[in-house]
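*Asks:*
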Amino acid sequence: MPNPPYRSTLEQLMQQAGIADLETLQQASGLSAWQLSRIQYGLLPKMSVETLVQLAKALNLPLAVVLNHLSREPLVPTLPDRQAEIERLTADYERLEMQLLEQRENVKEELQQEVLRILEPWLLQWPTAAAAAQKNPQWPAVKLLPLVRPLANLLKQWQVEAIAVVGETVLFDPQWHQLMESELPSEPGTPMIVRYVGYRQGKKLLYRAKVSPIAVTTISTVEPVTTASSSSPTP
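Using full-length UniProt numbering, the first residue of the sequence shown is number 1, and each one after it goes up by one.
(1) Roughly how far, in whole angstroms, is the beta-carbon of Val166 from the beta-carbon of Pro121, given that I think they are within contact range, below 8 Å?
(2) What's the gap between the Cα of Trp158 and the Cα of Ala209?
(3) Tell me, please, which residues DSSP counts as bridged to Arg200.
(4) Are Leu63 and Ile39 closer than 9 Å when you measure CB to CB?
(5) Just curious, the beta strand (DSSP E) that Gln178 is in, first and last residue?
(6) Residue range of the beta strand (DSSP E) that Thr171 falls in?
(7) Using the rule of at least 16 other Cβ atoms within 10 Å of the residue's Cβ for burial, across every protein chain shown, is Ala58 buried or exposed?
(8) From Glu87 to Glu94, what distance separates their C-alpha atoms?
(9) Roughly how many whole angstroms lie between the Cα atoms of Ala17 and Glu50?
(10) Could you check the C-alpha separation between Asp21 and Glu102 for me, to the nearest Å?
(11) Using a threshold of 9 Å, state whether the C-beta atoms of Arg104 and Ile163 are closer than that.
(12) Can you say whether Leu19 is buried or exposed, counting buried as having 16 or more other CB atoms within 10 angstroms of its CB?
(13) Would you list the one or two residues that DSSP bridges to Val211?
The structure is reproduced here in C-alpha cells:
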C-alpha cells in the first residue's frame, strides 16, 4: 500500500521540530492517530481550527506555514508576500511596456526613414517645380499643387520641415546649406539664393538646401541671352 501523499512532508516538519515519530507528535499535539492519518492525506483544511492550532503549536510553526505544506491547495500568500508579488508584477509590466514602446518607436522611425528615402527625388525636386508653377499659372503642373497637401500634412506630423524656400535669400551656413558650384568660395555668412530646399526632422539633418551665390545666380539667368546674341551673324 503506498504511503500517504503528505507523510514525508509531515515527517520533515517533525524533524525540524525535533519530533522523532508520529507517536511523539501525537503526544505533543494531543491529536489522535486518526486525525494524524487524515493530515497525512492532505485533509488538514477540512479539520477544525482547534486541531490546526494544536498541530502548529506542536511543530513550532506558524499556522499558515503548516497549512501551505500539508494542504492540497496552498493558502493565499500573506499580505507581505502578496505585496512583494504585486511589486514584482508591476515592475515586469512596466519593463515590458517600455520594451513595447521602444519597439514601436523603432518601427515608426524605420518606416519614416524608408518612406523618406523613397520620396527623396520628389522632396528635392517638387518645391522647385512648384515655385516655378506658381509664377506661371498657365503651366499644367499648377493643378497638382492642391493634391500634395495631404503629403505635406503627413510630413508635418513627422516633424519634417523644409530648410528655406526656393528663391529665398539666406546667409550661407554649411550645416544646412550646400553649394551647387563646389569651386566657388563658400565662406559662412555669404548671401546665397536657394535653388532646392533641404529638409530636417527635428534636429536631424535629412538633406541640405542647395544654394548658389546671388551674383552667380544673376549671371546664370542672363547667360542664355548673351549666348544667343554672340551667336548672331556679324554684320
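The C-beta atom is built at its ideal place from N, Cα and C for all residues, glycine as well.
*Replies:* Looking at the coordinates:
(1) Not really, about 16 Å apart at Cβ, beyond 8 Å.
(2) 19 Å
(3) Glu161, Leu205
(4) no
(5) 177–179
(6) Per the sequence shown, residue 171 should be read as Leu rather than Thr. Leu171 -> beta strand (DSSP E) spans 169–171.
(7) buried
(8) 10 Å
(9) 20 Å
(10) 60 Å
(11) no
(12) Looking at the sequence shown, residue 19 is not Leu but Ile. Ile19 should be labelled buried.
(13) Leu179, Val194
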